[in-house]
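Down below is the structure, laid out as structure tokens.
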Amino acid sequence: MAIDGEWHIGDNIFMDDLRGQIELLNSVNRKLMKDVKMLHLICETSNSAFLYYNYEEDTFRTIANWDYFFDFEVKSTKDFNRFYDCVEEKYAVPLKEALFIEKRGMQSTAIDVKMKDGRMWVEVEITIVYDDEGNPADKIIRFKDVTKFNSQNDELTYMAYYDLLTGLYNRNYFVRLFGEQVHRAGEEQKEVAIMFIDLDDFRKMSDELGIIIGDEIVQNFGQYLAELSEEDIVISHFNGDIFCIGIYDPYGSRSVASIYSRISGRLEKPFKLSSGQEIFLTVSVGVAEYPEAATDTLELINCAEIVMFRAKENGKGRIQYFDGSILEDFLQNVSIENKLKEAVFSQNFTLYFQPQFHTADRILRGVEALIRWKDETGRSINPDIFIPIAEKNGTIVPIGSWVMEESVRIYAGWKAKYHYPMILSLNISAIQYKQPDFVEKVVEILKKYDISPEEIELEITESILIDSFQEVTEKLAILRNIGIKISLDDFGTGYSSLSYLKGLPIDTLKVDKSFIDTVITDENTRIITESIIYMVKKLGFETIAEGVETQEQFDYLTAIDCDNIQGYYLGRPMPPEKIEELLVKILE
Ligand code: C2E
Ligand code: CA
Ligand code: CA
Numbered sequence: 000m001a002i003d004g005e006w007h008i009g010d011n012i013f014m015d016d017l018r019g020q021i022e023l024l025n026s027v028n029r030k031l032m033k034d035v036k037m038l039h040l041i042c043e044t045s046n047s048a049f050l051y052y053n054y055e056e057d058t059f060r061t062i063a064n065w066d067y068f069f070d071f072e073v074k075s076t077k078d079f080n081r082f083y084d085c086v087e088e089k090y091a092v093p094l095k096e097a098l099f100i101e102k103r104g105m106q107s108t109a110i111d112v113k114m115k116d117g118r119m120w121v122e123v124e125i126t127i128v129y130d131d132e133g134n135p136a137d138k139i140i141r142f143k144d145v146t147k148f149n150s151q152n153d154e155l156t157y158m159a160y161y162d163l164l165t166g167l168y169n170r171n172y173f174v175r176l177f178g179e180q181v182h183r184a185g186e187e188q189k190e191v192a193i194m195f196i197d198l199d200d201f202r203k204m205s206d207e208l209g210i211i212i213g214d215e216i217v218q219n220f221g222q223y224l225a226e227l228s229e230e231d232i233v234i235s236h237f238n239g240d241i242f243c244i245g246i247y248d249p250y251g252s253r254s255v256a257s258i259y260s261r262i263s264g265r266l267e268k269p270f271k272l273s274s275g276q277e278i279f280l281t282v283s284v285g286v287a288e289y290p291e292a293a294t295d296t297l298e299l300i301n302c303a304e305i306v307m308f309r310a311k312e313n314g315k316g317r318i319q320y321f322d323g324s325i326l327e328d329f330l331q332n333v334s335i336e337n338k339l340k341e342a343v344f345s346q347n348f349t350l351y352f353q354p355q356f357h358t359a360d361r362i363l364r365g366v367e368a369l370i371r372w373k374d375e376t377g378r379s380i381n382p383d384i385f386i387p388i389a390e391k392n393g394t395i396v397p398i399g400s401w402v403m404e405e406s407v408r409i410y411a412g413w414k415a416k417y418h419y420p421m422i423l424s425l426n427i428s429a430i431q432y433k434q435p436d437f438v439e440k441v442v443e444i445l446k447k448y449d450i451s452p453e454e455i456e457l458e459i460t461e462s463i464l465i466d467s468f469q470e471v472t473e474k475l476a477i478l479r480n481i482g483i484k485i486s487l488d489d490f491g492t493g494y495s496s497l498s499y500l501k502g503l504p505i506d507t508l509k510v511d512k513s514f515i516d517t518v519i520t521d522e523n524t525r526i527i528t529e530s531i532i533y534m535v536k537k538l539g540f541e542t543i544a545e546g547v548e549t550q551e552q553f554d555y556l557t558a559i560d561c562d563n564i565q566g567y568y569l570g571r572p573m574p575p576e577k578i579e580e581l582l583v584k585i586l587e
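According to numbering that gives the first Met the number 0, the sequence shown holds residues 0 to 587 in order.
Next up, the structure:
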């Protein structure tokens, strides 16, 4: 309004302007209020609390869910001490450093801290806003509850170091800890031992009892091993049924012998399963020591594993210490294994045949096919060495098929040419018997070469029967029904007792060469051999003595009525042409 009390046009303009400005202010205000509300909402629903600091005013303000985290206010930087008191000790110093990042000229940083009562993980994020001159103007500290995320992380960390089944260290972490022991031993001129422990017959147990029970067995044994843990002894569940123990400076109560004796003592008692069932376990243990066996961590583990296999071969339930010759044998086997795979591919094998004779009249009973292999350098490798390797890596299946077809083919040639009635004996490995189509394959080959089943004898060893009695005896029964003969090879080298022979589906029994070797010189062997032959004949089996090398042995075996003789004395294994010569001579 004008001073003279009258309205002027100019006055109106002024009022309008003012009104307009007020409205504008109001709307800006409303918008600001809305924004503030929105920001508060965002802050409050963010699971976080904020601490805002303005450098110029030197004031602190707390925003959003402060009470959720803290029961104190922050009025000055002095109050920061309260933060350090809240967190676990090891986080106090790093937190302090983070909170004063401006001292390091940084813009932002974050740190996860664990609260003292262990109930919460808090992520603290600090951001500094600098002014145009580069001086800090505002500091925003955000506290966020990350407990959920971090406890998942805890679990992941646990899984990275521990084995869930047993609670022992897992393989990776063990390798690291054992590596540290080795490293330290290098620096302190000490020794480190590794015990590589494998449960015996575990596969068989879990096949029979199921994998859940198998797991429970591993768990029980692992939990027992955990009791042996102490400073400088690291224990791990390596995988499956394998456990490793790394021992730093293994002397006194920490010596391998002492730990092994504690384990053996425990194994004398059964492990009780949740089903109430009680199980006795045995373990095979391989031991390698730094620096004697190797200086590299992984090599040491390898050495211990290799010697563990020797403990298994020597009959399980025992400990084997590292010895250079074991490693050499192993490396030789590896090289044979590699060559063997090539040999299977190129079928680099030949067959020899060893004649068997009736003792009474020295008439030819038949021949046993024996495989021969020369590697690419022309060196012969003994079947006693390569057959077990072929059994382990599965190449015995194609090798065995080849032996069967090739020997039947050669045999069929002799039959067609000389019509001499005899028996072809074939060595068959357990793995071959276990092939689902084994019986069909045999029948197929016989048909193909027009050979009758009565002319074929399949040799088995006792170990086959011990490992999978049911499965194999069923197959043997089928083969015998067809008319094929079954012969028990190497009798006397296994666990065999005469009484168990009674129910076996066999026709022939081969007395092992080890008996024949000492039958002349050793009275006890003579007694055993005589009773074997006597009993076996009573049970209705035909007998063959293997490895007969001398006239004396031959005469003795004739006297005790052994049916057949196989050995260098009457005929070595020979190539097929030589067998032909023999047939020609017989038929003259
Ligand atoms: P085996 O079945 O016990 O065969 C008899 C072994 O004794 C043969 O050894 C033979 O050459 C040897 N031998 C026979 N008579 C005498 C003797 O009077 N004195 C001595 N010192 N030795 C004698 P070889 O041919 O080295 O075969 C060794 C083993 O390899 C065989 O023992 C058999 O278990 C296995 N084998 C051989 N050929 C095959 C095959 O084709 N398949 C399978 N699965 N195993 C085979
Ligand atoms: Ca044999
Ligand atoms: Ca034999």
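Note that CB positions come from ideal geometry on N, CA and C, so glycine has one too.
Mind checking whether residue i and residue j have CB atoms under 8 Å apart?
i      : j      : result
Phe173 : Gly245 : yes
Pro93  : Ile110 : yes
Asn301 : Ser235 : no
Ile262 : Ile335 : no
Glu458 : Leu500 : no
Lys484 : Phe437 : no
Leu497 : Thr542 : no
Ala411 : Ile450 : yes
Lys247 : Lys189 : The sequence as given places Tyr at residue 247; Lys does not occur at that position. It is a contact, given that the beta carbons lie within the stated cut-off.
Val112 : Ile140 : no
Ile196 : Ile232 : no
Lys433 : Glu470 : yes
Ile343 : Ile388 : The residue you asked about is not Ile; residue 343 is Val in the sequence shown. Not closer than 8 Å, so no.
Glu545 : Gly566 : yes
Phe352 : Met573 : yes
Gly589 : Val510 : With the chain running from 0 to 587 in the structure shown, residue 589 is simply not present.
Val407 : Gln431 : no
Gly285 : Gln331 : no
Phe142 : Ala48  : yes
Taking DSSP's pairing of strands, which residues face residue i in a bridge?
i      : result
Ala287 : Ile193
Glu541 : Thr507
Glu456 : Ser424, Lys484
Phe201 : DSSP, once it has assigned bridges, lists no residue as partnering Phe201.
Ile578 : Bridge partners of Ile578: none, in fact.
Gly245 : Ile193, Val233
Asn238 : Ile241
Met573 : Phe352
Ile278 : Phe270
Val86  : Met114
Gln20  : Answer is none; Gln20 lacks a bridge partner.
Gln319 : Gly285
Tyr168 : Tyr161, Ser235
Asn563 : His357, Ile543
Would you say residue i touches ligand 2, meaning its beta carbon is less than 7 Å from a heavy atom?
i      : result
Asn381 : no
Report yes if the C-beta of residue i is less than 7 Å from at least one heavy atom of ligand 3; otherwise report no.
i      : result
Glu545 : yes
Lys484 : no
Asp511 : yes
Does the beta carbon of residue i fall short of 7 Å from some heavy atom of ligand 1?
i      : result
Gly566 : yes
Ala572 : The question names Ala, but residue 572 in the sequence shown is Pro. The answer is yes for Pro572.
Val402 : yes
Leu369 : yes
Ile463 : no
Gly365 : no
Ser428 : yes
Gly491 : no
Gly393 : no
Ile386 : yes
Gly600 : Here the chain comprises residues numbered 0 to 587, so residue 600 is not present and cannot be evaluated.
Gln353 : yes
Glu548 : yes
Just to confirm the assignment: which complete beta strand (DSSP E) runs, minimum length 3, are found wholly within the segment 88-143? With a minimum length of 3 residues, the continuous beta strand (DSSP E) runs that stay inside the segment 88-143 are 107-113, 120-129.
Closer than 6 Å: residues whose CB approaches a heavy atom of ligand 2: Going along the chain, the residues that qualify are Glu367, Asn426, Glu458, Asp488.
Complete runs of the alpha helix (DSSP H) confined to the segment 460-503 [at least 4 residues]: Segments of the alpha helix (DSSP H) lying fully in the segment 460-503: 461-466, 468-481, 497-500.
Any beta strand (DSSP E) of 3 or more consecutive residues that is wholly inside the segment 41-80: Within the segment 41-80, the complete beta strand (DSSP E) runs of at least 3 residues are 47-53, 58-63.
Write down every uninterrupted run of the alpha helix (DSSP H) in the segment 349-399 whose length is 4 residues or greater and which is fully enclosed by it, in chain order. Listed in chain order, they are 382-392.
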